[in-house]
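In this note's numbering, the protein residues as written are 4 to 408. Only one structure is covered here, and it is reproduced in the block below.
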C-alpha cells in the first residue's frame, strides 16, 4: 500500500522526538494521501522526517508510531519485531503449559497488537485498524515463530469501538478452543480464552500473586492459627489459589459473575482444595463488592488480609473524577474490615489513574477511616508486561500493600 504523509503543527513535534508513540488529532496540520489502516510518514512543519506510523482518521489518536527509522514496514520488519518480543520472554515459557504475554502493544513497539500464550494456544487482540487489516499475516508469522498452530482472536473490546472497528471474536487458526484449558503460572489455573476477562486470565498479576503467597506464609509462620482472606473482585480465584495453605487460610471470594465463581471453584480444587464451594475454608459468594463490604461492617466481620483487584474504573481522563470516588469508597470500606496489624492489597488497572494519584486516593480513604497504615511496597504488572520508558501510559497496573492498624 502506498504511504501517505502527515505534517505536524509548529511546536507539536516534541513528543515524537522524545519517542512517545502517539500523535493526537490536535497536533496535525495536514494529512496527505493518508488511508485508514495504512502507513504514513510523520514529518514536522519543515518537512523533516520524524517517524513512520499507522493512520486512523476515526480515532482521537490518529497516528501511532511504528518506527522512528526511515525503513519499510514490511514482512521482514514484522518478523524482526515479533521475534524480539517473543525472544525476550523465552525464560518465562518453561513447563508443559506456560502462560505469558508475548506482545504488549506499544510497550513492545507494536502498537495495537496484544498476543498472549496459554499453553498450546495463542490469543490475539487487534486494537487498531492497521493491525486488524493484517491480523491474518500476523497469525501466520506468530505460528511460524512459536510453533503454535491454534490462534484465537479476542476482538470484543470497547477499545476497538473507539477505533471505529467492529467487535468480533473467533478462531484465526485451529478451530474453536475448548471450554477451558489448563495453564501453569504461579499456580495451576483453568482459563476460558473465548469468554473470560481480557484474553482469559489476569497474566499481569502473576508476580504479585507470588509475592502474596510469600506474605501468607510469613503471616502464618508468626501464628499457629489460621488466616481469614477477603478476596474481592476475585474473578477466577487468583489470589485465593496463590495463597495456598488451604488448611489454614479461610478465604471468602466475592465476584458479581457466577461464571467466574464456578471457574474459581474449579481452580481451588485443581490446586488441592476439595469442595471449594461448600468447604469451611473457602466461600464463593456472588455479590457486589461494595455491598459486601458494608455487609461485613454490619456483621462485625474482619479479615487478616483483604485483596482488592477491581476492574477498570476510568477508561479515559474524562472519567477520572468518578473513578477517584469509586476507588476512595472501595478502599475506605475495605480499611474498616482489616484487623489491626492486618494487610490490605489494593490495585487499580485504570491507565488514566497514575501511580501518584492512586496513592493519594488511598491516602484520602485512610484519612477518612480513622485508621493508621504503613506502605510496605508498590506493585506493578508482571515482567512479561514491560513498559516502554517513553510511554508512561503503558504502566496501567499499580498496587499498594498496606499494613493497617
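Yeah, the Cβ is synthetic: ideal placement off N, Cα and C, and Gly gets one too.
In the DSSP assignment, what are the bridge partners of residue 237? Paired residue(s): none; residue 237 is not in a bridge.
Cβ distance (whole Å) where residue 379 is taken to contact residue 406 below 8 Å: 6 Å
Starting from the Cα of residue 236, find the closest Cα among 350, 313, 134 and 162 and give me that residue. 313
Taking the Cβ atom as the reference point for each residue, do residue 383 and residue 363 lie within a distance shorter than 8 Å? no
Of the listed residues 79, 204, 82 and 69, nearest to residue 119 (C-alpha basis): 204
With 16 as the cutoff for other CB atoms within 10 Å, does residue 195 come out buried or exposed? buried
Out of 220, 155, 116 and 207, which one is the CA nearest neighbour of residue 163? 116
Opposite residue 120 in the DSSP bridges: which residues? 103 and 125
Using the Cα positions of residue 188 and residue 209, report the straight-line distance between them to the nearest angstrom. 7 Å
Hey, residue 42 and residue 22: beta-carbon distance below 8 Å or not? no
For residue 150, which option in 370, 123, 371 and 47 has the closest C-alpha, if you only look at C-alpha atoms? 123
Could you tell me which residues DSSP pairs with residue 230 in its beta bridges? 252
C-alpha distance - residue 279 paired with residue 311, whole-angstrom precision: Note that residue 279 scores a pLDDT of 49, beneath 50, so its modelled location is shaky and nothing firm can be said.
Just curious, the alpha helix (DSSP H) that residue 139 is in, first and last residue? 138-149
With a threshold of 16 other CB atoms inside 10 Å of the CB of residue 20, please say whether the residue is buried or exposed. exposed
Inter-stretch contact (C-beta, 8 Å, three-pair minimum) for the region 388-403 and the region 344-357: yes
Quick one: any contact between the region 211-220 and the region 137-150, if contact means 3 or more CB pairs under 8 Å? no
DSSP state of residue 58 mapped onto helix, strand, coil: strand
With a CB to CB cut of under 8 Å and the five nearest residues on each side skipped, what residues in its chain are close to residue 388? 104, 107, 110, 206, 207 and 400
Three or more C-beta pairs below 8 Å linking the region 293-302 and the region 266-278: no
On the criterion of 16 or more Cβ atoms from any shown chain inside 10 Å, does residue 52 qualify as buried, or is it exposed? exposed
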